[in-house]
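Below: one structure, written as structure tokens.
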Amino acid sequence: DQQVKQNSPSLSVQEGRISILNCDYTNSMFDYFLWYKKYPAEGPTFLISISSIKDKNEDGRFTVFLNKSAKHLSLHIVPSQPGDSAVYFCAGGGSSGSARQLTFGSGTQLTVLP
Amino acid sequence: ETGVTQSPTHLIKTRGQQVTLRCSSQSGHNTVSWYQQALGQGPQFIFQYYREEENGRGNFPPRFSGLQFPNYSSELNVNALELDDSALYLCASRPGGAPNTGELFFGEGSRLTVL
Numbered sequence: 092d093q094q095v096k097q098n099s100p101s102l103s104v105q106e107g108r109i110s111i112l113n114c115d116y117t118n119s120m121f122d123y124f125l126w127y128k129k130y131p132a133e134g135p136t137f138l139i140s141i142s143s144i145k146d147k148n149e150d151g152r153f154t155v156f157l158n159k160s161a162k163h164l165s166l167h168i169v170p171s172q173p174g175d176s177a178v179y180f181c182a183g184g185g186s187s188g189s190a191r192q193l194t195f196g197s198g199t200q201l202t203v204l205p
Numbered sequence: 016e017t018g019v020t021q022s023p024t025h026l027i028k029t030r031g032q033q034v035t036l037r038c039s040s041q042s043g044h045n046t047v048s049w050y051q052q053a054l055g056q057g058p059q060f061i062f063q064y065y066r067e068e069e070n071g072r073g074n075f076p077p078r079f080s081g082l083q084f085p086n087y088s089s090e091l092n093v094n095a096l097e098l099d100d101s102a103l104y105l106c107a108s109r110p111g112g113a114p115n116t117g118e119l120f121f122g123e124g125s126r127l128t129v130l
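Residue numbers (our numbering), protein chains in the order written: chain Z, 92 to 205; chain A, 16 to 130.
In structure tokens, the structure reads:
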């Protein structure tokens with residue numbers, strides 16, 4: 092039972108353009124969602140999060156959008172830079188039941204081409 | 016401030032053997048969790064320790080066990096290794112007591128290969 096799904100295993104974008112990474116979830120108990128970035132041979136690092144009561148959170152070049160009715164979130168990176176090339180994981184979490192621990196998607200490999 | 020450190024970084028075992036992986040949490044963090052990341056998958060929650068007690072467990076069999084020590088460092092033990100246990104094992108810490116926002120601080124991981 093995949094509670095968090097990232098259906099695109101890879102995405103290539105030209106430098107300077109927008110990158111849009113998508114994520115779908117099924118668990119209605121998630122209170123918050125996060126995006127993590129992972130470079131090879133490194134652990135995942137936190138990028139940005141959003142509470143389930145918000146529909147948008149912005150931090151510099153990174154914006155996360157949440158559509159609760161569709162159980163869908165997306166990460167927008169504008170403008171994309173070659174250093175953004177990494178695997179991006181979305182995750183959901185909460186304070187009760189099955190949401191108490193982070194559940195991760197399978198990741199999307201983003202490649203930003205110079 | 017020292018981040019999360021894990022050891023060993025790589026190891027190879029054979030089926031049926033036992034393995035112990037170690038983790039030092041980030042300074043000031045008393046909550047440690049372990050994740051298994053199989054190839055091409057996202058991290059999957061194994062269990063969490065808070066103040067030396069397990070307070071959450073994912074869908075992993077009992078041969079996956081852990082410990083947390085008074086200095087908040089932690090161990091993951093896996094008995095009777097199977098080929099499917101081959102994965103990257105990630106340790107993550109966060110400060111306990113504060114509201115859980117989901118932000119975790121991960122180590123670089125221990126890459127386990129079971130032959």
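Cβ coordinates follow ideal geometry from the N, Cα and C atoms, glycine included.
{"Item": "With a threshold of 7 angstroms between beta carbons, is Glu133(Z) in contact with chain A?", "Value": "yes"}
{"Item": "Consider the Cβ of Tyr123(Z): report whether some Cβ of chain A lies at a distance smaller than 7 angstroms.", "Value": "yes"}
{"Item": "Give the interface partners of Phe75(A) over in chain Z, defined as CB-CB distance under 9 angstroms, in chain order.", "Value": "Neighbours of Phe75(A) on chain Z: none; closest Cβ ~12 angstroms, over 9 angstroms."}
{"Item": "Unbroken beta strand (DSSP E) runs of length 3 or more, entirely within the segment 75-118 of chain A: which are they?", "Value": "79-83, 89-93, 102-109"}
{"Item": "What do you reckon, is the C-beta of Lys28(A) under 6 angstroms from a heavy atom of the ligand NAP?", "Value": "Absent from the structure shown: the ligand NAP. Ligands present: none."}
{"Item": "Check whether chain A comes within 7 angstroms of Pro192(Z), counting only Cβ atoms and requiring the distance to be less than that.", "Value": "According to the sequence as given, residue 192(Z) is Gln; it is not Pro. Interface residue, yes."}
{"Item": "Please classify Gly174(Z) as buried or exposed, where buried requires at least 16 neighbouring CB atoms within 10 angstroms.", "Value": "exposed"}
{"Item": "Report the residues of the segment 137-168 of chain Z with a CB closer than 7 angstroms to any CB of chain A, ordered along the chain.", "Value": "Phe137, Ser140"}
{"Item": "Which residue wins for smallest C-alpha separation from Pro76(A), given the options Gly117(A), Asp99(A), Leu105(A)?", "Value": "Asp99(A)"}
{"Item": "For Val129(A) and Thr202(Z), I'd like the C-alpha separation in whole angstroms.", "Value": "31 angstroms"}
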